[in-house]
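A.B. asks: Residues in the sequence shown are numbered consecutively from 4, following the numbering used here. By construction, the Cβ of each residue, glycine as well, lies at the ideal position given by its N, Cα and C atoms. Dropping the structure in here first, questions after.
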Amino acid sequence: MRRHVIIVGPPGIGKTTLAKNIAKILPQKKIIDEKTGKETEVDSVFVRVQGSPDLTAEDLIGDIDPIKAMKFGPLSHEAFTPGKIFKADGGILFFDEVNRCSEKLQNALLQALEERKVTIGSYDVDLDANFIFIGTMNPEESSTEPLSDVFLDRFDLIYMSPPEKQDVEEKIVLLKGKSLVEFPKDLFSNMIYFVRALRNNSDLEKKPSVRASIGIYERAQSNAFISERNKVDVRDVQDAMISVLAHRIRLKPSIKYLKS
4 MRRHVIIVGP
14 PGIGKTTLAK
24 NIAKILPQKK
34 IIDEKTGKET
44 EVDSVFVRVQ
54 GSPDLTAEDL
64 IGDIDPIKAM
74 KFGPLSHEAF
84 TPGKIFKADG
94 GILFFDEVNR
104 CSEKLQNALL
114 QALEERKVTI
124 GSYDVDLDAN
134 FIFIGTMNPE
144 ESSTEPLSDV
154 FLDRFDLIYM
164 SPPEKQDVEE
174 KIVLLKGKSL
184 VEFPKDLFSN
194 MIYFVRALRN
204 NSDLEKKPSV
214 RASIGIYERA
224 QSNAFISERN
234 KVDVRDVQDA
244 MISVLAHRIR
254 LKPSIKYLKS
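Right, dumping it as structure tokens:
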């Protein structure tokens, strides 16, 4: 059974990591060499598409090369330049920020996912690509085009949020962050607590993700290393917070007005 999903949540909570790990547990693909007839097994593919307003249906589906079309015919395989949908055959098509794509692209995706057929120019081309579509969406950012109910009806929505417990976030930071010098446990816990307090602050419009915690963790160690110390202290963390958090937090406009 093939189910397509959209993961909904703010940046930095592991949406891309989740999609990549799903690709790793898919069964291997069998590929047969046309010349030798030899069969080999390869890992399932993971094809990424970055959503943007200027992304076209041709980028995703493909297009017909006019020169090759004149030589081989418009419906020949030689004339068709495949897009990323076809490259994801047997694996995962990961569409990051799907809510930033245009309505035209949404319609092209609908046809490909539902009918397994795509329209390229004036031609209908049968789609021979067995893939799982995993999209991501940040509900807090403005969309290029709102995703229609018809489009969303083709997907299961999975909602993700930052770690609820501090010890879980600490484990993530220690697992993903690079270790260079000693980081005292109490100082480390206070650092994570501070980032989580900012995340829960109702005055902030833009809030720090787990990436901010990892950034402070690594930057503080770098500060200590540059100062030729083998242990992080409070000054290192304070300096790291300025550079790591400055562009990751933003006050709500109403709070800015009241403060001024």
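1) Spatial neighbours of residue 166 within its chain, please: CB distance less than 6 Å, with the 5 preceding and 5 following residues excluded, ordered by chain position.
2) Put residue 2 into one of helix, strand or coil per three-state DSSP.
3) Pick out the complete alpha helix (DSSP H) segments inside the stretch 167-218, 4 residues or longer, and give them in chain order.
4) Does the separation of the CB atoms of residue 141 and residue 13 fall below 9 Å?
5) Per DSSP, what kind of secondary structure is residue 235 in: helix, strand or coil?
6) Rounded to the nearest angstrom, what separates residue 243 and residue 219 at their Cα positions?
7) What whole-angstrom Cβ distance do residue 98 and residue 158 have, given they're in contact under 8 Å?
8) Three or more beta-carbon pairs under 8 Å between the stretch 85-102 and the stretch 7-26, yes or no?
9) Which same chain residues end up closer than 6 Å to residue 90 when comparing Cβ atoms and leaving out the 5 residues on each side of it in sequence?
10) Residue 181 and residue 221 look like a contact to me (Cβ under 8 Å); what is the Cβ gap, rounded to whole Å?
C.D. replies: In short:
1) 172, listed in sequence order.
2) Residue 2 is absent from the structure shown; the chain starts at 4 and stops at 263.
3) Fully enclosed alpha helix (DSSP H) runs of 4 or longer: 169-179 and 188-202.
4) yes
5) Under the three-state reduction of DSSP, residue 235 is assigned to coil, being neither helix nor strand.
6) Each residue's alpha carbon lies about 5 Å from the other.
7) Incorrect: roughly 11 Å between the Cβ atoms, too far for contact.
8) yes
9) 50
10) 5 Å
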